[in-house]
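Structure record follows, encoded as structure tokens.
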Amino acid sequence: MGDGIEGFEPEVLAQTRRAADTLANAGATVEEVSVPSTIYGLSAYYLIAPAEASSNLARYDGVRYGNRVDDGVTTADMMIATRTAGFGDEVKRRIMLGTYALSAGYYDAFYGKAQRVRTLILDDFNSAYQRFDVLLSPTSPCVAFPFGAKDDPLTMYLNDVCTIPSNLSGHPAISIPFGTGANDLPVGVQILGPMLGEAAIFRAAAALETVQ
Numbered sequence: 011m012g013d014g015i016e017g018f019e020p021e022v023l024a025q026t027r028r029a030a031d032t033l034a035n036a037g038a039t040v041e042e043v044s045v046p047s048t049i050y051g052l053s054a055y056y057l058i059a060p061a062e063a064s065s066n067l068a069r070y071d072g073v074r075y076g077n078r079v080d081d082g083v084t085t086a087d088m089m090i091a092t093r094t095a096g097f098g099d100e101v102k103r104r105i106m107l108g109t110y111a112l113s114a115g116y117y118d119a120f121y122g123k124a125q126r127v128r129t130l131i132l133d134d135f136n137s138a139y140q141r142f143d144v145l146l147s148p149t150s151p152c153v154a155f156p157f158g159a160k161d162d163p164l165t166m167y168l169n170d171v172c173t174i175p176s177n178l179s180g181h182p183a184i185s186i187p188f189g190t191g192a193n194d195l196p197v198g199v200q201i202l203g204p205m206l207g208e209a210a211i212f213r214a215a216a217a218l219e220t221v222q
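Going by the numbering used here, the sequence shown wraps up at 222, each residue one higher than the last.
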């Protein structure tokens, strides 16, 4: 992992390098590898996940599933009141994004293209796992921050940049605390592996935990 990776705090990169050195000292062969299409993971995820949320949560209308708020004189009034009271701000935000991505004229341009990117990410991971048993990366670009310190949705979405690709590929991963950064706040590193590769992931994670 090179120096000065854009958007990553130096302490996070330093601890990730130390984690790689720890695995090497434990007997692992450690090399750098690129999974190039993961740079598109965040964009693809925030099209796919809201679209699926919008579709799946459409059933919670107060008629057959979930909460029901009897407000107003029409069925439409009841559904609006039910969904307004039953969903939080982030859920509503994702439903709106997903409904837009799935709407006529935008499905292929957004959702369909994001699914094709998802396939590219899966293919790139599979290529990497032909050479390596597990992959190591930061969990987040920054150290842990106090609860509620970052209430801007976009800022929070950007913190998912490291973990989203494995979610899209359907591969297992584990995040563990490893050292600290600014203000003595913890740094997280993650071990990623191929499908059904949990045994190797757990062994690597255990090797890192022994130096904590």
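We put the beta carbon where it would ideally sit given N, CA and C, even for glycine.
Asked: Among L195, L132, A138, the one whose alpha carbon lies nearest that of F157; Found: L195
Asked: Short Cβ contact (7 Å threshold) for I174 with Y75; Found: no
Asked: Residue environment, Y167, which counts as buried when at least 16 other CB atoms sit within 10 Å; Found: exposed
Asked: Euclidean distance between Cα positions of G108 and I90; Found: 18 Å
Asked: Whole-angstrom distance between D143 and V221, CA atom to CA atom; Found: 21 Å
Asked: Length of the line joining the Cα atoms of D118 and L57; Found: 12 Å
Asked: Pairwise C-alpha distance: R104 and N190; Found: The identity of residue 190 in the sequence shown is Thr, whereas the question assumes Asn. If you take the alpha carbons of T190 and R104, they lie about 33 Å apart.
Asked: Spatial distance of S185 from M88 (CA atoms); Found: 42 Å
Asked: Top-ranked residue by Cα proximity to F188, from F97, C152, A159; Found: C152
Asked: DSSP state of S147 mapped onto helix, strand, coil; Found: strand
Asked: Bridge-paired residues (DSSP) for L206; Found: None; L206 has no bridge partner.
Asked: Supposed contact pair V127 and S47 - C-beta distance, whole angstroms, cut 8 Å; Found: 7 Å
Asked: Integer Cβ distance of I201 from A214, believed to fall under 8 Å; Found: 5 Å
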